[in-house]
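Accompanying notes for the structure given below.
Number of protein chains: 2
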Amino acid sequence: MAFLIYNMYAPLIQHIRRFVPLTEQEEETIMKVLKTKKLEKKEHLWQPGQICTALAFVIKGCIRMYITDTAGNQQTQQFAIENWWIADYMSFNMQKPTSYSVQAVEETTIILLDHHLMESLCSQIPSLEQYFRKVMQKALGAAQQRIQYIYSLSKEERYRQFSALFPDFVQRIPQYMLASYLGFTPEFLSKIRAKKV
Amino acid sequence: MAFLIYNMYAPLIQHIRRFVPLTEQEEETIMKVLKTKKLEKKEHLWQPGQICTALAFVIKGCIRMYITDTAGNQQTQQFAIENWWIADYMSFNMQKPTSYSVQAVEETTIILLDHHLMESLCSQIPSLEQYFRKVMQKALGAAQQRIQYIYSLSKEERYRQFSALFPDFVQRIPQYMLASYLGFTPEFLSKIRAKKV
DNA sequence: CGTTTGCTTGAATTCTGTCAAAGCAGGTGG
DNA sequence: CCACCTGCTTTGACAGAATTCAAGCAAACG
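Sequences listed follow chains F and Z, in order. Heads up: the first sequence begins at 0 in numbering that gives the first Met the number 0, then just goes up one per residue. Heads up: the second sequence begins at 0 in numbering that gives the first Met the number 0, then just goes up one per residue.
In structure tokens form, the structure reads like this:
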């Protein structure tokens with residue numbers, strides 16, 4: 000049983016170890032408070048109006064965070080695959096209701112880290128605080144670059160660049176999700192694809 | 000002299016204290032390694048090709064980070080005013096050359112925190128590590144929201160919303176910078192402004 | 001003052017969105 | 001195991017938002 004639990008959390012522990020050192024005792028302290036959760040395809044982790052009480056770390060599968068506008072269109076703000084953290088950080092940081100939906104794109108297993116547990120664990124284990132600082136700093140760099148791409152590339156260029164960078168991921172998700180993530184309509188994506196074969 | 004130095008760093012110390020507690024000794028340790036720098040209007044802190052070896056914290060004035068595309072157009076990626084940190088986090092994290100220019104919009108005084116000093120200070124002072132984790136987390140929330148606005152609002156709406164939220168800031172900077180920050184051309188901004196008086 | 005820099009205006013153009021209809025596919029129930 | 005049904009993708013005609021280009025003007029600066 001202990002072996003099974005270890006395996007569940009192993010991807011996260013490994014991920015942490017890529018950034019900071021961790022004693023076995025710290026490792027155990029962390030694993031003791033974590034929870035895993037399995038989501039079926041299309042199942043929601045959070046819905047608009049709820050508070051994102053936890054960060055989610057994807058062990059296997061794919062999660063997306065999207066917003067539904069007044070016209071009913073879904074706009075995907077973020078994807079997370081294996082070894083990525085995902086959350087509406089506005090909601091998580093302030094512990095206020097989110098306007099997003101967080102949903103499994105495919106059958107997905109995640110680790111959940113509650114807000115208050117994150118705070119107490121970080122105070123307890125300096126390495127973990129450091130880990131999250133580094134992860135956040137890295138995510139911030141990625142966010143800056145994403146904004147840069149949005150502004151400097153046309154929508155068609157954005158698609159071509161994205162599918163060149165993540166050819167397998169593009170296959171993995173429905174086109175309408177990708178289109179909304181890249182900031183345009185599914186129809187337009189379809190036309191881009193039709194053009195150059 | 001000690002008094003003068005205290006005053007220079009006071010805004011940052013206060014900012015840190017808004018997030019975490021800090022002993023007087025920790026405070027001194029931090030201030031001992033910080034440097035301030037004064038930039039004239041249009042003076043550059045970093046130029047493309049350089050490594051962003053330090054984070055910058057604005058004490059007074061305004062800094063922008065922009066990229067120059069192949070056609071020579073400047074695209075403003077970020078502004079920072081009083082009490083904001085600014086950096087190309089990609090360059091800073093990896094300590095690799097940046098593609099951005101970081102420039103003073105007006106006469107500006109900043110505090111510089113070197114990458115290696117940040118790392119050693121954070122290891123030394125857990126509260127500081129926590130501060131930066133929280134600041135990064137907050138910045139990430141802001142970045143998510145910015146992407147959301149870019150996707151869900153038209154360019155005209157984006158301008159109207161921004162100038163409603165920051166009416167004084169809009170006055171403070173040239174229009175072409177604002178236009179490029181919001182992701183459109185100066186001509187278009189001019190036309191928006193002409194429409195509804 | 002003259003020169004540079006930034007702002008305005010208008011016309012033509014391009015890119016992307018909207019709408020509507022039809023095609024396709026994959027899952028579900030019979 | 002097949003047929004249906006729902007949801008996703010494709011296609012085409014048209015509309016509109018925003019850009020580009022070019023010229024003129026105003027303001028700031030040395």
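The C-beta atom is built at its ideal place from N, Cα and C for all residues, glycine as well.
Among the bridge pairs identified by DSSP, F:Q77 is matched with F:M64.
Residue environment for Z:K41: exposed (fewer than 16 other C-beta atoms within 10 angstroms of its C-beta).
Residue F:I80 holds the alpha-carbon nearest to the alpha-carbon of F:E105 among F:E128, F:I80, F:L127 and F:D113. Closest by C-alpha distance to Z:V101, out of Z:T108, Z:Q174 and Z:I85, is Z:I85. Under the Cβ criterion of 8 Å, F:P125 is counted among the residues facing chain Z. Assignment of beta-bridge partners to F:L54 by DSSP yields F:L112. CA-CA distance, Z:Q74 to Z:L181, rounds to 9 Å. Taking 8 Å as the cut-off, the beta carbon of F:I109 is found no closer than this to the beta carbon of F:L33.
Beyond the five residues adjoining it in sequence on each side, Z:H43 comes within less than 7 Å, by CB distance, of S100, V101 and Q102 in the same chain, given in chain order. Around the beta-carbon of Z:A163, fewer than 16 other beta-carbon atoms lie within 10 Å, marking it exposed. In this structure, the beta-carbon distance from Z:E25 to Z:I149 does not fall below 8 Å. Contact between the segment 140–159 of chain F and the segment 133–151 of chain Z is present: 3 or more CB-CB pairs across the two stretches fall below 8 Å. Within chain Z, Q74 and G182 have C-beta atoms less than 7 Å from the C-beta of F:Y150, given in sequence order.
Closest option to Z:Q77, judged by alpha-carbon separation, among Z:M7, Z:E156 and Z:A142: Z:A142. Beta-bridge pairing by DSSP links F:L38 to F:T107.
With fewer than 16 other beta carbons inside 10 angstroms of its own, F:T67 counts as exposed.
Cβ contact annotation for F:L54 (same chain, cutoff 6 Å, sequence separation greater than five): W84, A86 and L112, in chain order. Interface with chain Z (8 Å Cβ-Cβ cutoff): F:E128 is included. Within its own chain, the residues whose Cβ lies closer than 6 Å to the Cβ of F:M7, once the five positions on either side in sequence are excluded, are T35, listed in chain order.
The C-beta of Z:M176 comes no closer than 8 Å to any C-beta of chain F. Segment contact: the segment 165–182 of chain F against the segment 132–141 of chain Z, fewer than three CB-CB distances shorter than 8 Å; contact not assigned. Chain-ordered, the chain Z residues with CB closer than 8 Å to the CB of F:C121 read Q129 and R132. Interface residue (Cβ-Cβ distance to chain Z less than 8 Å): F:D68 is classified as such.
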